[in-house]
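Residues 8 to 280 in my numbering are what the sequence shown spells out, letter by letter.
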Amino acid sequence: MQTRKEPLSSAFLLGYDVEHQDPAITRAFLSRAVQLHREFDFPATFFVLGETLERNIEQFRQIVGDPLFDVQQHTYTHKPLKTLVQRNSSGVTLIQGGSLERIRDEVTRTSELLASSLGVRCTGLTGPYTYYRGLSDRPDILEILWDCGIRFLRTDGRNHDDWQPVSFDVQPYTYELQGFPQLLEFGIQGWADCLLREEIGWDNHEGYLAELRSNLELVVSRDLDWSYLQHDWSSLRADPELRLTEALLRMTREAGAIPETYAAYYQRVVGNA
Ligand SMILES: [Zn+2]
Numbered sequence: 008m009q010t011r012k013e014p015l016s017s018a019f020l021l022g023y024d025v026e027h028q029d030p031a032i033t034r035a036f037l038s039r040a041v042q043l044h045r046e047f048d049f050p051a052t053f054f055v056l057g058e059t060l061e062r063n064i065e066q067f068r069q070i071v072g073d074p075l076f077d078v079q080q081h082t083y084t085h086k087p088l089k090t091l092v093q094r095n096s097s098g099v100t101l102i103q104g105g106s107l108e109r110i111r112d113e114v115t116r117t118s119e120l121l122a123s124s125l126g127v128r129c130t131g132l133t134g135p136y137t138y139y140r141g142l143s144d145r146p147d148i149l150e151i152l153w154d155c156g157i158r159f160l161r162t163d164g165r166n167h168d169d170w171q172p173v174s175f176d177v178q179p180y181t182y183e184l185q186g187f188p189q190l191l192e193f194g195i196q197g198w199a200d201c202l203l204r205e206e207i208g209w210d211n212h213e214g215y216l217a218e219l220r221s222n223l224e225l226v227v228s229r230d231l232d233w234s235y236l237q238h239d240w241s242s243l244r245a246d247p248e249l250r251l252t253e254a255l256l257r258m259t260r261e262a263g264a265i266p267e268t269y270a271a272y273y274q275r276v277v278g279n280a
């Protein structure tokens, strides 16, 4: 089901998957990202891996009280929720998804960690790798996530090759057909930062910004929403000062898209999580 939203406004949802094993990377990213988002008064959501949160609890404690930021989860160990058959210029790769028991364990464990260490009630999740059609074909997984308290997802982030870009026609939708009308899928439109930068070259900042600029023009001209994915490690790679992120925040403001956290969008469009 297509969700209803305010007329003539494009929401821009920036969600960072925070997942690196090395706390030095995660901390360098968080420190600079938080500074930038405060400077631009620009909301953001951090989808943190349980293992990464355990190594950086103090850093996250400094974020959770700030209304600009929302902290959600990215599973505990980064096990995919669903198997991918990824086809790109390197060939075909099978990336095996976890069992239902494993999924329940990973999500429960991370939500408990968010609650006990940060006092956060977790309602949102980015699925590791993301998948073609999200979880539309897996009501069994949706049921587990719903049971675990998850109310919004970023899992529909791959095209029919389990690769990217994903069409901007894939707009946020609920899993009503599967029996979960209050479970919202945001998807990831276009490219995730790391896949695009790997494709065009990590030092090709101009090419990267040109793609972001054209996507912003597209969503604003068609009144679409854009759910965008960056990571801690990839935001820093070949850009330690996060100049590309800074440029994105500025371009979003200039284009007239409205930045919002995923939780705020859910509240506005679906209701209380
Ligand atoms: Zn990830």
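Ideal Cβ placement from N, Cα and C applies to all residues, glycine included. Computed from a prediction, not measured in an experiment: that's the story for all the values here.
- For ligand 1, no non-hydrogen atom lies closer than 7 Å to the CB of Glu113.
- Contact between the segment 177-189 and the segment 236-245 is absent: fewer than three C-beta pairs spanning the two stretches fall below 8 Å.
- For Glu267, the shortest C-beta to heavy atom distance toward ligand 1 is 7 Å or greater.
- With a threshold of 7 Å, the Cβ atom of Glu26 counts as near ligand 1, since some heavy atom of the ligand is closer than that.
- Under DSSP, the beta-bridge partners assigned to Asn95 are Gly98.
- Using a C-beta cut-off of 8 Å, the segment 60-78 makes no contact with the segment 88-99, since fewer than three inter-stretch Cβ pairs fall below that distance.
- Beta-bridge annotation (DSSP): Pro87 is not paired with any residue.
- In the three-state DSSP reduction, Gly197 falls in the strand class (E or B).
- Contact between Tyr23 and Phe54 holds: their C-beta atoms lie close to 7 Å from each other, under 8 Å.
- In this model, Leu236 and Ile195 are separated by some 7 Å (Cα to Cα).
- Within the model, the alpha-carbon separation for Pro135 versus Asp239 is close to 14 Å.
- Distances between the C-beta of His167 and the heavy atoms of ligand 1 are all 7 Å or more.
- A Cβ-Cβ separation of about 6 Å places Leu20 in contact with Phe193 under the 8 Å criterion.
- Taking C-beta separations shorter than 6 Å and ignoring five residues to either side along the sequence, the partners of Tyr182 in its chain run Leu149 and Leu190, following chain order.
- Runs of the alpha helix (DSSP H) lying entirely within the segment 100-181, each at least 4 residues long, are 107-125 and 146-154 in chain order.
- The DSSP-derived three-state label of Leu75 is coil.
- Residue nearest to Gly141 within the set Asp163, Ile157, Leu132 and Ile151 is Asp163 (criterion: CA-CA distance).
- Distance from the C-beta of His81 to the nearest heavy atom of ligand 1 is below 7 Å.
- With contacts defined as CB atoms closer than 8 Å, Phe175 and Gly197 qualify as a contacting pair.
- In this structure, the CA atom of Glu26 is about 16 Å from the CA atom of Asp77.
- Exclusion of the five residues before and after Leu255 leaves Leu219 as the residues of its chain whose Cβ lies within less than 6 Å of its Cβ.
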